[in-house]
Amino acid sequence: GSARSNGALNAGYICFEALLQAYDAAIQKKRPMWAVQALVTGFLRSTFVFLPFFAFQAYGYLNICVHGDTDELRPWCKAKLPLLYSFIQSHYWGVGFLRYFQVKQLPNFLLASPALSLAVYSIVHYTKLLHQLFQSTSIHEQIIAIVDGRLVEAHESSDVATVLKSEISTGLHNKKQEGTLRLRRENLSQPALLQQHL
Numbered sequence: 170g171s172a173r174s175n176g177a178l179n180a181g182y183i184c185f186e187a188l189l190q191a192y193d194a195a196i197q198k199k200r201p202m203w204a205v206q207a208l209v210t211g212f213l214r215s216t217f218v219f220l221p222f223f224a225f226q227a228y229g230y231l232n233i234c235v236h237g238d239t240d241e242l243r244p245w246c247k248a249k250l251p252l253l254y255s256f257i258q259s260h261y262w263g264v265g266f267l268r269y270f271q272v273k274q275l276p277n278f279l280l281a282s283p284a285l286s287l288a289v290y291s292i293v294h295y296t297k298l299l300h301q302l303f304q305s306t307s308i309h310e311q312i313i314a315i316v317d318g319r320l321v322e323a324h325e326s327s328d329v330a331t332v333l334k335s336e337i338s339t340g341l342h343n344k345k346q347e348g349t350l351r352l353r354r355e356n357l358s359q360p361a362l363l364q365q366h367l
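Residue numbering for the sequence shown is 170 to 367, as defined by this note's numbering.
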């Protein structure tokens, strides 16, 4: 949060980790005090991420609105939530919701179109891959087992990434075998159906 205002969003990672630890402590290990400790620790760590942003806002408010000239108070000083950085972005830089989508920005969108098209293609490809993976019940169960920690504990001495790859490839191999067996059954049942109709 000290380098850029949107750096405060990094607190989301800390909060997510704290929630995972709290869930693991409360549900998996049945230790509610560990869950509370994980949540409090996550809150304190998140506070340190937000602290530079709040310090900058307080510094600007004290220098401009409180100790500044009362005849020339800026409009943001009178706001219910006086945020200096938001005012600067909106007033001087034209930053706001959907303000960038203008005809004059079309060359910039054309310039970014190769990267955007690659990003869209990657998202679509990844979504299709995930959909195929979750078609197999065994893979779905394996992923749940990994989340629960059972699979990782069983393979403590192995590299977790290697375990995941081998389990997923086994699941995909099983899925291909199931599809082949289904096709064979369908092919075998078709002559029998033809003989019944003759």
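Even glycine gets a Cβ: it sits at the ideal position worked out from N, Cα and C.
Quantities reported herein were computed from a predicted structural model and do not represent experimental measurements.
Between the CA atoms of residue j and residue i - distance to the nearest angstrom
i	j	result
HIS300	SER291	14 Å
LEU250	PRO201	37 Å
VAL272	TRP262	17 Å
LYS297	LEU231	53 Å
LEU267	VAL235	33 Å
GLN197	ILE233	52 Å
ALA281	VAL293	18 Å
PRO276	VAL289	19 Å
LYS247	ASP240	13 Å
LYS199	TYR182	24 Å
ALA227	LEU252	9 Å
SER260	PHE217	With the sequence shown as reference, residue 260 is identified as His, and Ser is not the correct amino acid for it. Taking the straight line joining both Cα atoms gives about 29 Å.
TRP245	TYR295	44 Å
LEU178	TYR269	21 Å
TRP203	PRO283	48 Å
Cβ distance (whole Å) where residue i is taken to contact residue j below 8 Å
i	j	result
ARG243	PHE256	7 Å
PHE225	ALA180	16 Å between Cβ atoms; not a contact.
Local Cβ density within 10 Å of residue i, reported as buried at 16 or more and exposed below that
i	result
SER215	buried
ASN175	exposed
Residue j beta carbon less than 9 Å from that of residue i
i	j	result
ARG254	GLY237	The residue you asked about is not Arg; residue 254 is Tyr in the sequence shown. No. Outside cutoff.
LEU285	PHE278	yes
GLY211	ALA194	no
GLY265	GLN258	yes
CB contact below 9 Å: residue i versus chain C
i	result
GLY176	Absent here is chain C; the protein component of the structure consists of one chain.
Residue i Cβ short of 8 Å to the ligand SAM heavy atom set
i	result
PHE278	This structure lacks the ligand SAM; in fact it carries no ligand of any kind.
(request) Report yes or no: do three or more beta-carbon pairs, one from the segment 175-188 and one from the segment 198-211, lie closer than 8 Å? (result) yes
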